[in-house]
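Working notes, beginning with the structure itself.
In the UniProt record's numbering, the protein residues as written are 1 to 332.
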């Protein structure tokens, strides 16, 4: 009897058994690989899908980064020449003056005009640029400025729709001819002195107002001229202030010093009237304050109570300017 052969293990037998199910699985597993390798169209579609996926991921990353970055609002550049009423209100622009500084005559014109000009500079504009603004904005500014002039003057300019023509008309109604104004303020500067009962502080304020009027008339003095003319008058009544004044070259610094000195008790009182000095040659030749309108002594033509004779005043002004050019006598 032949010996029995050892039978293979069960797992080996099972591994050698080929079943229909395993064949189908193997075929299905290998089939896609074969298809991808052999089908160019399928390969292209897969590549496109991968690119779309990468683009989607990139967009999501960019959106996430943009969401985390604070947005900076780009403000429109402000152009004063295209100013709208809304922008005017946003900047809280307004123009007003104290009651005593409302435009009513040539005396209030310098301060009023300077205040109006500075107010327009706050929004980046000059008076000659107002007419180029949008119509509603221009009208709003005109109406605002008209609220600061007297009723007498308003009657002449209430219908003005041009800012430039309104200012020119107001100038004519108040200070009149610029050449005539220049001659008048030059004479007033030449005859400058303390008024009866005037304190040092009041004199300083009047002198600075006179300088503004000179500037408005086109006459700009150097600091040294402003200082010398002022101290010529102040030094006569307050000689103790001369030493300090001589060490200061800047006019604004000197005015600040004198204003502080004016607060002391000895300077708060009006200067004591000086005794009438003996008439000297320089005093005899000195031009007295005389009105070019009525020929009276003691006031200027801009304060003359008589009816103004324009031709006469202008003729006197021209004579005065001719005398100045030929070399006037100097005041001490």
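Every residue, glycine too, gets a C-beta built ideally from N, C-alpha and C.
Because the structure is a prediction, the values reported are computed rather than measured.
Asked, Found
"Close beta carbons around residue 163, own chain, < 6 Å, minus the five adjacent residues each side", "130, 131, 142"
"Distance, residue 81 Cα to residue 319 Cα", "45 Å"
"Whole-angstrom distance between residue 231 and residue 259, CA atom to CA atom", "13 Å"
"DSSP beta-bridge partners of residue 149", "103"
"Residue from 309, 102, 199, 308 whose Cα sits closest to the Cα of residue 152", "102"
"For residue 259, three-class secondary structure by DSSP", "helix"
"Neighbourhood of residue 292 by C-beta distance below 6 Å, restricted to the same chain and skipping five residues each side", "301, 313, 316"
"Of the listed residues 298, 180, 174, 187, nearest to residue 154 (C-alpha basis)", "174"
"Whether residue 211 touches residue 226 by CB criterion (9 Å)", "yes"
"Residue 213 - DSSP class collapsed to helix/strand/coil", "helix"
"Residue 29 burial status per 10 Å Cβ neighbour count (16 or more: buried)", "Its pLDDT being 48, under 50, residue 29 is placed unreliably by the model, and the measurement read from it follows with that caveat. Its Cβ having fewer than 16 others within 10 Å, residue 29 is exposed."
"Contact check, residue 269 vs residue 199, beta carbons under 9 Å", "yes"
"9 Å Cβ cutoff met for residue 189 and residue 214", "yes"
"Three-state class that DSSP yields for residue 333 in the structure shown", "Because the chain spans 1 through 332 in this model, residue 333 falls outside it and cannot be assessed."
"Unbroken alpha helix (DSSP H) run spanning residue 267, endpoints", "265 to 268"
"Cβ shell of residue 105 (< 7 Å), same chain only, five flanking positions each side left out", "174"
"Option in 249, 83, 181, 146 with minimal Cα separation from residue 165", "146"
"In DSSP terms, what residue 297 is bridged to", "290"
"CA nearest to the CA of residue 197, picked from 271, 297, 85, 113", "271"
"Candidates 171, 250, 252: closest to residue 108 by CA position", "171"
"Nearest-angstrom Cα separation, counted from residue 92 out to residue 223", "36 Å"
"Buried versus exposed call for residue 261 [16 or more other C-beta atoms within 10 Å across all chains shown]", "buried"
"Sequence-distant residues of the same chain with beta carbon closer than 6 Å to residue 136, five excluded per side", "85"
"Where residue 322 falls, given that 16 or more other Cβ within 10 Å makes a residue buried", "exposed"
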